[in-house]
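The block underneath contains the structure these notes are about, expressed in structure tokens.
Numbering (the numbering used here), first residue to last: 15 to 235.
In structure tokens:
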């Protein structure tokens, strides 16, 4: 059997992790057996151990996968070569993925089963919230954003997007997630951006951004 390189093994671990994200975010992790996890990954229990040493190893990779996205988004938000409007889209994208990857049931299981991983995720979130807070603040100081409370903007995104993604709100209101995300982001732009930036806003670009977000999220929703 061909020996798998360290890089390929990591990519395959992440690929297998993506297959269980949907179940993890809705049902949690602790209730699943190794056999059930293997089935979700479309492999035998024996094959699973070629990539993961234990259930705890799977949980660690799952947590690292979610955190890596947080840090990746943070780099884009802090990239001053991008316009404030472009980075606002990255803030929105980050908030959507955070709502999807950090469901209450998963966080509760993480806190119960491995406090160190839970604290690691909390620290990553804290650092990211600081980066977003700084982004809003510098946007206001530059005259690109309206004078608003950054902490409230962050809390607003968390509250609204969590309800859109993790509750029955869309079904109750007969809304699609695509339409809800588009409408919410449009409202956010009118709330945050100064009139001169709003005048240059391209609605087709927003629709395209929302579609790309949904394509990335489709395996776990």
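Where is the CB? At the ideal position from N, CA and C, for every residue including glycine.
Sorted by chain position, which residues of the same chain lie with C-beta nearer than 7 Å to residue i's C-beta, five sequence neighbours on each side aside?
i           : result
residue 146 : 91, 105, 168
residue 54  : 33, 34, 37
residue 72  : 51, 66
residue 133 : none
Give a yes or no on whether 8 Å exceeds the smallest Cβ distance from residue i to chain B.
i           : result
residue 152 : Annotation note: the requested chain B is absent from the structure, which comprises a single protein chain.
Judging by CA-CA distance, which residue of the options is the nearest neighbour of residue i?
i           : options            : result
residue 19  : 43, 144, 65        : 65
residue 87  : 177, 220, 143, 132 : 143
residue 131 : 188, 225, 78       : 78
residue 165 : 176, 175, 150      : 150
residue 234 : 206, 201, 31, 192  : 31
residue 219 : 205, 24, 199, 25   : 199
residue 173 : 110, 231, 163      : 110
residue 70  : 22, 127, 148, 118  : 127
residue 221 : 206, 191, 21, 205  : 191
residue 119 : 39, 202, 85, 232   : 39
residue 67  : 27, 56, 232, 148   : 27
residue 84  : 171, 112, 93       : 112
Express the C-alpha separation of residue j and residue i in angstroms, rounding to a whole number.
i           : j           : result
residue 195 : residue 76  : 26 Å
residue 15  : residue 24  : Its pLDDT being 44, under 50, residue 15 is placed unreliably in this model, and the coordinates cannot settle the point.
residue 225 : residue 114 : 16 Å
residue 229 : residue 216 : 20 Å
residue 51  : residue 74  : 14 Å
residue 21  : residue 197 : 40 Å
residue 193 : residue 48  : 38 Å
residue 175 : residue 129 : 26 Å
residue 152 : residue 227 : 26 Å
residue 223 : residue 148 : 23 Å
residue 240 : residue 188 : Residue numbering for the chain in the displayed model covers 15 to 235; residue 240 lies beyond these limits and cannot be assessed.
residue 29  : residue 171 : 29 Å
residue 10  : residue 89  : Within the shown structure, residues of the chain are numbered from 15 to 235, placing residue 10 beyond reach of any answer.
residue 201 : residue 56  : 41 Å
residue 96  : residue 185 : 36 Å
In terms of residue numbering, what span does the alpha helix (DSSP H) encompassing residue i cover?
i           : result
residue 198 : 191-206
residue 80  : 69-91
residue 107 : 98-115
residue 162 : Careful: residue 162 lies outside any alpha helix (DSSP H) and carries neither H nor E.
residue 146 : 129-155
residue 20  : 20-41
residue 263 : Since the first and last residues shown for the chain are 15 and 235, residue 263 lies out of range.
residue 47  : Premise fails: residue 47 is in no alpha helix (DSSP H) and is neither H nor E.
residue 241 : Since the first and last residues shown for the chain are 15 and 235, residue 241 lies out of range.
residue 185 : 183-187
Excluding the five sequence neighbours on either side, which residues of its own chain have a C-beta within less than 8 Å of the C-beta of residue i, listed in chain order?
i           : result
residue 135 : 77, 80, 81, 116, 121, 124
residue 177 : 183
residue 162 : 150, 154, 205, 206
residue 231 : 110, 111, 114
Please determine whether the Cβ atom of residue i lies at a distance below 7 Å from any heavy atom of the ligand PLP.
i           : result
residue 198 : With respect to the ligand PLP, the structure offers nothing, as it holds no ligand at all.
**Message:** Pairs of beta-carbons, one from the stretch 155-165 and one from the stretch 195-212, closer than 8 Å: are there three or more?
**Reply:** yes
**Asked** Do three or more CB pairs link the stretch 56-64 to the stretch 97-114 at distances below 8 Å?
**Response** no
**Asked** Taking one C-beta from the stretch 31-49 and one from the stretch 109-124 each time, how about it: are there three or more such pairs within less than 8 Å?
**Response** yes
**Prompt:** Are three or more beta carbon pairs between the stretch 168-187 and the stretch 124-141 nearer than 8 Å?
**Reply:** no
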